[in-house]
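Taken in sequence, the protein lines are chains P and X. The letter at position 66 of the first sequence is residue 66 when you use the working numbering, and the numbering goes up by one with no holes. For any residue, its number in the working numbering is found by taking its place in the second sequence, counting from 1, and adding 103. We put the CB at the ideal spot given by N, CA and C, even for glycine.
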Amino acid sequence: MALGLTHFLVVSALLFCLGLYGVLTRRNAVAILMGIELMLNAANINLVAFNKYVAPAALNGQVFTLVVITLAACEVGVGLALVMAAYRNLETVQVDRINMLKW
Amino acid sequence: MGTLAAFFILSAVTLIPAVVVVTSKNIVRSALALVPTFFGITGLYILLRAEFVAGIQVLIYAGAITVLILFVIMLTEGGTGIRIRQVNEQVPVGALASAVLAALLIWVFLRTPWPQGPGALPEYTAAQIGTTLLSSMVLVFEVTSLVLLISLIGAIIIARRER
């Protein structure tokens with residue numbers, strides 16, 4: 001059995017579902033951001049793997065991965081700033097206790 | 104054969120700390136478990152012959168983002184104690200949804216006949232990535248840098264202490 005595209009796809013699917021589980025079950029906003037990071041990394045593995053096995057002549061997959069990494073850094077920066085602002089105003093980072101808009 | 108063994112070792116290095124990330128009761132431990140996950144993904148990139156992406160992964164994810172997350176955990180002490188319950192009441196539903204999605208995805212991946220593209224990767228990808236970014240992808244490059252600048256300003260404004 002040679003190493004193929006399917007191996008990488010299966011690993012990234014497992015990583016994505018672990019991240020999804022973290023996002024669905026965590027109460028801490030920072031832990032939810034960590035789950036989102038895992039999901040973004042799974043998508044990046046897919047992009048690079050498809051680049052190698054399906055379209056190796058063009059490097060669009062790797063360039064796109066670099067763009068996704070940059071946007072993930074932006075997202076983490078803004079997300080953690082929001083967590084800091086919520087903590088300063090509401091004294092909590094538990095997302096099920098940040099429910100001021102909920103009647 | 105050697106690459107297959109390397110792939111399985113790297114997959115274990117990626118997935119086992121990822122389980123710790125999403126299940127650990129101590130949030131500092133789950134933030135630190137992100138580091139081996141990101142290093143395992145770096146190894147997978149090297150296995151896929153994407154050296155430049157692997158370097159960027161180490162610099163940005165394993166270096167910067169993990170440190171940023173740890174800083175915010177330290178600054179927001181309120182939600183980080185071990186005594187505080189870290190999971191909500193959706194654990195069975197979330198586990199079921201994730202398992203069903205994983206099974207579905209893996210089933211689809213195993214059944215799909217993936218096409219094999221022509222051509223081969225260049226010997227070193229970094230040079231061609233740079234050329235691509237500044238020729239055919241220059242609009243993507245510029246818009247990404249604009250988004251980076253805007254998110255920088257936005258993060259500063261949101262996190263700034265108001266007078």
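What residues from chain P crowd round Leu237 of chain X, counting only those whose CB sits closer than 9 angstroms?
Counting from one through the second sequence, the residue named residue 237 of chain X turns up at place 134. Neighbours of Leu237 of chain X on chain P: none; closest Cβ ~11 angstroms, over 9 angstroms.
Does any C-beta atom of chain P lie closer than 7 angstroms to the C-beta of Pro218 of chain X?
If you number the second sequence from 1, residue 218 of chain X lands on position 115. Taking Cβ atoms only, chain P reaches closer than 7 angstroms to Pro218 of chain X, which makes this a yes.
Closest Cβ-Cβ distance between Val68 of chain P and chain X: below 7 angstroms?
Locating residue 68 of chain P in the first sequence gives position 68, where the first residue counts as 1. No, because no Cβ of chain X sits closer than 7 angstroms to the Cβ of Val68 of chain P.
Contact between the stretch 111-123 of chain X and the stretch 4-15 of chain P: three or more CB pairs below 8 angstroms?
Touching, per the Cβ criterion.
According to DSSP, Val190 of chain X sits in a beta bridge with which residue or residues?
Counting from one through the second sequence, the residue named residue 190 of chain X turns up at place 87. Answer is P:Arg26, bridged to Val190 of chain X.
Applying a beta-carbon distance threshold of less than 7 angstroms, which residues of chain P neighbour Met240 of chain X?
For the purposes of this step, residue 240 of chain X is taken as residue 137 along the second sequence, with counting starting at 1. Within chain P, the residues near Met240 of chain X are Val63.
So what's Gln231 of chain X in DSSP terms, helix, strand or just coil?
By 1-based counting over the second sequence, the position of residue 231 of chain X is 128. Reduced to three states, the DSSP call for Gln231 of chain X is helix.
Would you mind stating whether Ala29 of chain P and Val83 of chain P have Cβ atoms separated by less than 7 angstroms?
Along the first sequence, read from residue 1 onward, the residue named residue 29 of chain P stands at position 29. Along the first sequence, read from residue 1 onward, the residue named residue 83 of chain P stands at position 83. In contact: Ala29 of chain P and Val83 of chain P (Cβ atoms closer than 7 angstroms).
Just to check my reading of the structure: Leu224 of chain X and Leu15 of chain P have Cβ atoms closer than 8 angstroms, yes? What is that Cβ distance to the nearest angstrom?
The residue you call residue 224 of chain X lines up with position 121 of the second sequence. The residue you call residue 15 of chain P lines up with position 15 of the first sequence. Incorrect: roughly 23 angstroms between the Cβ atoms, too far for contact.
Against chain X, which members of the stretch 80-92 of chain P pass a CB distance test of less than 8 angstroms?
Those would be Leu80, Ala81, Leu82, Val83, Met84, Ala85, Tyr87, Arg88, Glu91, Thr92, in chain order.
Throw me the rounded Cβ distance for the Ile232 of chain X and Phe142 of chain X pair, which I believe falls under 8 angstroms.
Residue mapping note: residue 232 of chain X aligns to position 129 of the second sequence, counting from 1. Residue mapping note: residue 142 of chain X aligns to position 39 of the second sequence, counting from 1. Their Cβ separation, rounded to whole angstroms, is 21 angstroms, which puts Ile232 of chain X and Phe142 of chain X out of contact at 8 angstroms.
Ignoring anything shorter than 4 residues, give me the alpha helix (DSSP H) runs that lie fully in the stretch 118-183 of chain X, in order along the chain.
Taking only runs of at least 4 residues, the alpha helix (DSSP H) segments lying wholly in the stretch 118-183 of chain X are 130-150, 154-160, 169-178.
Compute the Euclidean distance between the alpha carbons of Trp210 of chain X and Cys17 of chain P, then round it to the nearest angstrom.
Position 107 of the second sequence, counted from the first residue, corresponds to residue 210 of chain X. Position 17 of the first sequence, counted from the first residue, corresponds to residue 17 of chain P. Going by the C-alpha atoms only, they are around 14 angstroms apart.
Tell me the DSSP secondary structure of Gln94 of chain P in three-state form.
On the first sequence, position 94 is the one that residue 94 of chain P refers to. Three-state result, Gln94 of chain P: strand.
Is DSSP giving Leu3 of chain P helix, strand or coil here?
Numbered from 1 along the first sequence, position 3 holds the residue referred to as residue 3 of chain P. Leu3 of chain P: coil per DSSP, three-state reduction.
Does DSSP put Leu80 of chain P in a helix, a strand or coil?
By one-based count along the first sequence, residue 80 of chain P stands at place 80. Of the three classes helix, strand and coil, the one that applies to Leu80 of chain P here is helix, per DSSP.
So is Ala43 of chain P in contact with chain X if we call contact Cβ pairs under 7 angstroms?
Within the first sequence, numbered from 1, the residue matching residue 43 of chain P stands at position 43. So, not an interface residue.
Interface residues of chain X around Met34 of chain P at Cβ under 7 angstroms?
Here residue 34 of chain P corresponds to residue number 34 of the first sequence, with the count starting at 1. Chain X residues near Met34 of chain P: Val124, Ser133, Ala134, Leu137, Ile172.
Does Thr215 of chain X pass the burial test, meaning 16 or more other C-beta atoms within 10 Å, or should it be called exposed?
Position 112 of the second sequence, counted from the first residue, corresponds to residue 215 of chain X. With fewer than 16 Cβ atoms within 10 Å of its Cβ, Thr215 of chain X is classed as exposed.
Could you give the distance in angstroms between the alpha-carbon of Ile45 of chain P and the alpha-carbon of Ala262 of chain X?
Counting from one through the first sequence, the residue named residue 45 of chain P turns up at place 45. Counting from one through the second sequence, the residue named residue 262 of chain X turns up at place 159. Straight-line Cα distance between these residues: approximately 32 angstroms.
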